[in-house]
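Residue numbers (the working numbering), protein chains in the order written: chain C, 17 to 256; chain P, 17 to 256; chain U, 17 to 256; chain E, 17 to 256; chain L, 17 to 256; chain F, 17 to 256.
Backbone N, C-alpha and C fix where the C-beta goes; we use that ideal spot for every residue, glycine too.
Following: one structure in C-alpha cells, then a few remarks.
Protein chains: 6
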Amino acid sequence: MAGEAVTRAPDELRPVEITRGFQETAEGSALIRIGSTRVLCAASFEETVPRFLRGTGGGWVTAEYSMLPRATVVRTPREVKSGRPSGRTQEIQRLIGRSLRAVTDLSALGENTITIDADVLLADGGTRCASITGCFVALYDACRAMLEAGKIERMPIREEVAAISVGIVDGVPRIDLDYELDVAASVDMNVVMTGSGRFVEVQGTAEGDPFEKSELDRLLELAEAGIKELIQAQRDALGI
Amino acid sequence: MAGEAVTRAPDELRPVEITRGFQETAEGSALIRIGSTRVLCAASFEETVPRFLRGTGGGWVTAEYSMLPRATVVRTPREVKSGRPSGRTQEIQRLIGRSLRAVTDLSALGENTITIDADVLLADGGTRCASITGCFVALYDACRAMLEAGKIERMPIREEVAAISVGIVDGVPRIDLDYELDVAASVDMNVVMTGSGRFVEVQGTAEGDPFEKSELDRLLELAEAGIKELIQAQRDALGI
Amino acid sequence: MAGEAVTRAPDELRPVEITRGFQETAEGSALIRIGSTRVLCAASFEETVPRFLRGTGGGWVTAEYSMLPRATVVRTPREVKSGRPSGRTQEIQRLIGRSLRAVTDLSALGENTITIDADVLLADGGTRCASITGCFVALYDACRAMLEAGKIERMPIREEVAAISVGIVDGVPRIDLDYELDVAASVDMNVVMTGSGRFVEVQGTAEGDPFEKSELDRLLELAEAGIKELIQAQRDALGI
Amino acid sequence: MAGEAVTRAPDELRPVEITRGFQETAEGSALIRIGSTRVLCAASFEETVPRFLRGTGGGWVTAEYSMLPRATVVRTPREVKSGRPSGRTQEIQRLIGRSLRAVTDLSALGENTITIDADVLLADGGTRCASITGCFVALYDACRAMLEAGKIERMPIREEVAAISVGIVDGVPRIDLDYELDVAASVDMNVVMTGSGRFVEVQGTAEGDPFEKSELDRLLELAEAGIKELIQAQRDALGI
Amino acid sequence: MAGEAVTRAPDELRPVEITRGFQETAEGSALIRIGSTRVLCAASFEETVPRFLRGTGGGWVTAEYSMLPRATVVRTPREVKSGRPSGRTQEIQRLIGRSLRAVTDLSALGENTITIDADVLLADGGTRCASITGCFVALYDACRAMLEAGKIERMPIREEVAAISVGIVDGVPRIDLDYELDVAASVDMNVVMTGSGRFVEVQGTAEGDPFEKSELDRLLELAEAGIKELIQAQRDALGI
Amino acid sequence: MAGEAVTRAPDELRPVEITRGFQETAEGSALIRIGSTRVLCAASFEETVPRFLRGTGGGWVTAEYSMLPRATVVRTPREVKSGRPSGRTQEIQRLIGRSLRAVTDLSALGENTITIDADVLLADGGTRCASITGCFVALYDACRAMLEAGKIERMPIREEVAAISVGIVDGVPRIDLDYELDVAASVDMNVVMTGSGRFVEVQGTAEGDPFEKSELDRLLELAEAGIKELIQAQRDALGI
C-alpha cells in the first residue's frame, strides 16, 4: 500500500478488477478491487417489501455497508460495540441505495426487495465509490438470476451506474484518491454517474478552503472520464 | 402554509427574517424564518475541546439539529424514543458543523468549543439550509461576545456562510423549495456558499431521473443569487 | 433573569402570559411565559389508542416533555445523546399526562389519542407546572377543533387544571419559585388543582429538613390562591 | 393472597415483620414483610462517591429497586429485556434514596457511598413504602457495622424514617393498600415520615376524581398513626 | 461462608436443601440451597409460544437467570445498568433452558410456554448448576399443577435432570466447587445428567493448563455420583 | 455446497486450506477454508491492556467473531441492527479467546493486547472451530512479527491449538459436521485440543436424546484424530 501514488497521473485511475460470484450463497455477488481497496458485494433477493410499499406492486433496493476491523491500517472497533451504525456508515449506505435505485425500474421488481451488502475487506480510500461500482454488478447478476428463475418478469436494470472520487490535492485536481491523497485533499468530491453519462449524485465538500466554480467544473470532467472506464469494467465483468 | 408557491417566481426566495437574541441565556442566538420555516439557533461557548484537539491550542465548532415533534403537519416522534439521532439528523448536523468551520479560523478560538444548536420550531422545507444561515448569526454573535469578554483574542470568523436549496420541479429549475415543491422535485440540491462567493458544499441528488451538466450549472447560478440575498440579511441582522 | 426575586412578595406570582396558536401546524398549541420561563405546548390528535384501550371505545391523553439545550444558563446535553429520557423527564411527562387526564372525560374522546408536547424554550424554575398550565390550553383548543371538525361528539374537557410550585425558602413559605429560589428551598412542593378547587396532585419533598403539618397547610393555601389566578389566565386566553 | 382485605379495619396495618441479616454477604440487610408483600433490602458500603461530591469530604446514599419476575401474579418481564429501568422504577428508586438521605448526616459518612438494594420477592401492594421501611433497617445496620469497623467516625443516622400508603377506596380513607385495594382506589398517597413525626415526602394523586382538602387531612392522619407502628417495628428489629 | 472447604472430602457435596413453593404466586417454585449458595426458582405457565412454534402444536421451555446485586461479597452492578444481560448471563440461561428441554416432551405441553426464572439470592459457587437442579423442581410442580388444572393433557416431564460442577484444584479432582475452590481450579467442568444417568451437557474448560483424557474421566465419575444424590433430593422434595 | 456429505467417511475431515497473509494491513492474518466454510482471521497488536491487567506486566489475547450477512444461504441480519452481539456470538468469541490464551504465555506479551478478528465469509458448519484453527495461525504470525520488530522479547506461543466439531448423526458418530449434518445431529460436540494432545475445551450437548459415556468416548477419539490433521495444516502454513 506504499508509494503507488508517486507515479500515477492526476487523471489516472488505480487498477480496477471486478470478480463475479465470490459469495456463491448469494443471488449475485462481486469482489471489486481498486488499487489496494477491496470490497465484497452481495445482493440478496427477499420476497417482501418495506411497509410503505405494501400493496403498491413495486419493489425496493436497499444497501448496507460495513468495514472489517482490520480493513484499516489501525484496527477500527466494530460498530456493534457502540450499538449502532455510525453517522458515516448510515450516510454511505443511503448513498449506495439511492445510486442503485436511480438505475432500477422498481415497478419491474414486483413486491420484492433486493438488499445489497458492501463489506470492505481492505480500505485504501474510495470505499464508498468502489462499493457503488461493485454493488451494481452484484445487483445486475441477482436481477438476471431472478429473471431466469421466473421470480420477476422483466429486467429492472435500466442502465449502469458507477462512482469515483475526485479532489484537489496541493492545488491539483486529481481522480481516485487513495487514503494518503484523501487526507491531503483540500476539496473532496464523490460523483455518481450512469452509463448514459448523466449525474445521479454530486457531493463536493471543502475540507479546507472553499472552492471556485472553475475548480468544480474541472473535477466533474475528471470524474466523467473515470466513470466511463469503470462502466466498461462492469460490462466486461458482466459480459454485456 | 398553503398556496404560497403559486405566485412565487422560480428564482425568488421566500421572505426571510432573522431575529437576534431569542434565547437570552445563550452566548449567541437567532430565530430565522424563511417562509413558514422557523429555526431557533443558539451558540454555546465551552472551555473545552474534543480529545483529538487537546494540547493543539486550536478550537472546534460543532452542531446539533433537532425538530420539535409538531414542527411538522403530522407529528414526528421524538428521536429520543428510538434512542438515537436518525441517519438524516446526523447527516444534517455534520453538514452544519462543516459549513460553519469552513469560515472559522479555529486557531483563533483557543482550546474552546462552540456548540451550535439548531431546533426547528416549524418545518416547511429547507430546514437544513435555514439552520446554516441562522446558525452563522448565532455563531458570529457568540464570537463577538467572547471577544468582548476577553475569552478569545481575535475574531475567528473570516467571512459569512449561508445555504439554500435548489431543485428541478416539473422540468423547471427553482430556488428555495418549500415542502410541497421538495416532494415534487426530480433533482434536489443544497448549496453552501461564503460571502466571497466560493463553494463550501454542493450536494445534488437525482430523486427520479439523473440530470445533465447543463441543469447542474443552472441550479448553481440560482443558488449563487439566492445566497447573496441571505448574506445581506445576515449582515443586516448583525449590523456588519 | 436576574434580580427579579428581590421585590416579589412571598404570595405573588411572576407575570403570566399565554399565547394561543404559536405552532399553527398543531390541532392546538400555546406558548406560556411565567417570568422568564417559556414553554411551547402543542396538542396532536391521532386516530389510534394504546393497545390496552383498543376495543373499549375510550381515548387517551399522554404527554411528552423536553428542554432545548440552551433553555438553561449552562447548556444541557440532549437526552437523545444518552439514548433515553432521564428519570426526571419521565416523571414530569407522567405528571403532565395524569393531570390532564384528571379533567378529561376519556370516553368522550372515542378511540383517539391526544399527545401533548411540552418543549421548554427557556427554563427559570417551575417548568413542569408551567407545562401543565400551558398544555391545558393546547388540549382544550385541540378538543374544540376536533369537536368542530366532527371528529368527536361532545366536549371531553370537564374543567380547567393548572399547577404551581410552592416551597419554604429561608424559613418563609413562598409561591412560584424561580430557579434561584428553588435551589435555596428546604421544602419544595408542586400542586396541581382544578378549576373547582380540588386537588389532582400534591407532591411535597423535604430537600433539607423534614417539615411540619402546619407548614404543609400554609403551602397548600398559597398554592390554591395562585392556581386561581392561573386558571383565570387560561380562561382569558381561551375566551371561555 | 386472597380475601385478607375483607376483615381489616380502614386504619389497620397488615402484619409487619422485619428480619435482619438475610443476606449475610452485605454490610447490612433486612427482609421486610407487610401482609404478603416481601422485600429483600441490602446495604453496601463503598469507598467512593459520585463525581459531584469528590473533594467535599461528604458521602452519599443511593438506592436501586427491582422486582423479581414472579413477584407478581402474572409474570412481569425483566427490565434488562427493555434495556433500562422503567420510569416507575426510576421514580421509586429516587424516592427511596431521598427518603433515606433525609435522615442521614451525609458529612458523617466521609467520602463513602452506601448503595441500598430493594428487591421485591413478592408484590401485593405497597412495595415502595415497604422498601423505604426495610431499607432503613439495612442502612442503620450497615452504618453501625462501619462505625464498629472504624470506617466512619460517628453514627450518621439522625432518626428513623418509614413510609406507608394511604388512599380512598369506595369513598373510605384507608391505610396500607394491598394490590386489590390499590386498584380500586380513587386517591392514592404515599407518605414518608421520620421518627420525630415530620414529613419527608407527601405524594398524593387523584387516580379518578380530584380530592378535597379535608380528605387530604384525613389521609395524613391515618398515615401518621401507621408510620408510628412501623418505626416501632424498626426499633424492635434493630434493638434500639 | 468461610472455612467450610477445609474438611470436605473431594467427592463430597455441600449440604443440599430444596424448599418447594417459596414464591406462592408462581405455578411452580423452589428455593434451593447448596452450601451457602441460594437460588430462587420460579416456573410461569403462559398460553403462547415463540413465533417459530406457532401452529406446530408443540410448546417451549425457556429460562432466565439473574443475580441480586448483593448475592456476591462485593456488590455486582445490575445488568439493567449496562442495558443488556452479559455474555455470561446469556450463556447460563441458554444452558438452563437446554437442560430442562432435554427431559421435557414439548409436544405434551401444547402451544404453551413455561418460563423459568432463576434468581440467585446468595452466590458461593455453582450457581448455574444449582439453578438447573432447583428449576427442575419448579418446572415439575408447574407441570403437575397445569395437568391438574386441565391446561395440559399428559405429564410432559420424562425424567429428572440435575447438574453439578467438578474441577481440578491443586491437582486433585473435586466435586461441587464453592467460590474459593472455583477460583483456584485449573480445570472447571459443568455436567448435566438425567435421572437415568445419561449426559445432557458436558462443558469442560482448562482455566490454566490443558488436561488429559484420564482427568476428564475421573471428573465425569465424580459428577455422576453427585448428580445421583441431587436427583434423590429432587425426588424427596417432590414426593415422587 | 451440495451433496458433498454423501461420500465422506464418518472419520474424514473436509478438505482444509490455510492461506497466510490475506489482510496485509494486519500484524498477522489467515484465510482458512474447511469444505465450503471460509473464515478470515486477523491479529492486531495493541500497546495497551484491559484495566484489570494494568501494572501487572502481563498481556492479553481476546477475540471477536462475526459473520457477513450473506455467509449464509438465507441472509442473516447484521448484529449492529439489534444493537449488540447475540448470545451465540458472545459465546463463540469467549471460546476463541480462551482457546488461544490456553497456549499463550501471557507474561511474555508484556503489557500488550492481541485482538483476534474472525469474520466468516461463508458458513457451512463448523465456523467456531474453523475460527480457532485459523486464528491460531494469525496469532502466531503476529507474535513472530512482534518478536522481529522487538516489541516483545520472547515467543509467547507455547504450542498449537486447533478445534473440530464431532457429533452423532443417525446414530453414527461423525467428525466435522457441515451445516446439513449439524442440523441432523442428535449430539453436537466441539473439542479444542493442543499440539501435545491435551484438552483445552470439551463442549458436548444433547440436542435431542441424552447420550451415554461410551458415545462420548468415541466422539473424543474422532476429534483427537482430526485435530492432529489440523495442527499439521497449521504447521505447514506457518513453516514450523
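Would you tell me roughly how many angstroms separate the C-alpha atoms of residue i and residue j, rounded to the nearest one?
i, j, result
"Gly19 (chain C)", "Val89 (chain L)", "A caution first: Gly19 (chain C) carries a pLDDT of 44, below 50, which makes its placement in the model too unreliable to give a value."
"Asp198 (chain C)", "Arg54 (chain U)", "47 Å"
"Asp186 (chain C)", "Arg94 (chain C)", "34 Å"
"Leu47 (chain L)", "Asp204 (chain U)", "45 Å"
"Thr149 (chain P)", "Ile256 (chain P)", "15 Å"
"Cys25 (chain L)", "Val32 (chain L)", "Residue identity check: residue 25 (chain L) is Ala in the sequence provided, not Cys. Answer to the nearest angstrom: the Cα atoms are 15 Å apart."
"Arg100 (chain P)", "Met83 (chain P)", "14 Å"
"Gly71 (chain C)", "Ile168 (chain C)", "16 Å"
"Arg30 (chain E)", "Glu164 (chain L)", "33 Å"
"Met171 (chain P)", "Leu69 (chain E)", "38 Å"
"Ala21 (chain P)", "Asp225 (chain P)", "With a pLDDT of only 46 at Ala21 (chain P), under 50, the local geometry of the prediction cannot be trusted, and the value read off the model is given with reservation. Computed Cα separation, rounded: 23 Å."
"Arg160 (chain U)", "Val119 (chain U)", "15 Å"
"Glu237 (chain E)", "Ala222 (chain U)", "19 Å"
"Tyr195 (chain U)", "Leu193 (chain L)", "58 Å"
"Asn206 (chain F)", "Asp133 (chain F)", "20 Å"
"Arg86 (chain E)", "Leu138 (chain E)", "7 Å"
"Glu80 (chain L)", "Leu111 (chain L)", "10 Å"
"Ala158 (chain C)", "Asp252 (chain F)", "39 Å"
Nearest CA to the CA of residue i: which residue from the options?
i, options, result
"Ser115 (chain P)", "P:Ala139, P:Glu176, P:Pro85", "P:Glu176"
"Arg214 (chain U)", "E:Lys229, E:Leu138, E:Thr78", "E:Lys229"
"Leu235 (chain C)", "C:Gly255, C:Leu56, C:Val218", "C:Val218"
"Cys57 (chain F)", "F:Thr72, F:Gln39, F:Ile50, F:Gly73", "F:Gln39"
"Arg174 (chain L)", "L:Arg190, L:Glu245, L:Phe152, L:Asp192", "L:Phe152"
"Ala42 (chain C)", "F:Ser147, F:Asp233, F:Thr92", "F:Thr92"
"Ile135 (chain U)", "U:Glu223, U:Ser45, U:Pro189, U:Leu254", "It is Asp, not Ile, that sits at residue 135 (chain U) in the sequence shown. Checked all of U:Glu223, U:Ser45, U:Pro189, U:Leu254; the closest Cα to Asp135 (chain U) is U:Ser45."
"Ala201 (chain U)", "U:Thr23, U:Arg190, U:Glu80", "U:Arg190"
"Ile184 (chain L)", "L:Glu231, L:Gly142, L:Asp121", "L:Glu231"
"Gly73 (chain L)", "L:Ala253, L:Arg110, L:Asp121, L:Gly211", "L:Asp121"
"Ile50 (chain F)", "F:Ser147, F:Arg36, F:Thr131", "F:Ser147"
Which residue marks the beginning of the alpha helix (DSSP H) containing residue i, and which one marks its end?
i, result
"Ile112 (chain P)", "103-117"
The beta strand (DSSP E) that contains residue i, what's its start and end?
i, result
"Leu47 (chain U)", "44-50"
"Val96 (chain E)", "No beta strand (DSSP E) contains Val96 (chain E), which DSSP labels as neither H nor E."
"Arg24 (chain E)", "Per DSSP, Arg24 (chain E) belongs to no beta strand (DSSP E) and is neither H nor E."
"Ile132 (chain L)", "129-138"
"Ala59 (chain L)", "53-62"
"Thr72 (chain E)", "Premise fails: Thr72 (chain E) is in no beta strand (DSSP E) and is neither H nor E."
"Thr315 (chain E)", "Residue 315 (chain E) is absent from the structure shown; chain E starts at 17 and stops at 256."
"Thr35 (chain F)", "32-36"
"Glu80 (chain E)", "76-83"
Closer than 7 Å to a non-hydrogen atom of the ligand SAM - does that hold for the CB of residue i?
i, result
"Phe227 (chain C)", "This structure lacks the ligand SAM, and indeed carries no ligand of any kind."
Quiz item: Taking only runs of the beta strand (DSSP E) that begin and end inside the region 155-242 of chain F, which ones reach a length of at least 3 residues, in chain order?
Solution: 177-185, 188-191, 201-210, 215-222
Quiz item: Is it true that the region 58-65 of chain L meets the region 121-128 of chain L, where meeting means three or more beta-carbon pairs spaced less than 8 Å apart?
Solution: yes
Quiz item: Three or more beta-carbon pairs under 8 Å between the region 99-109 of chain E and the region 105-114 of chain U, yes or no?
Solution: yes
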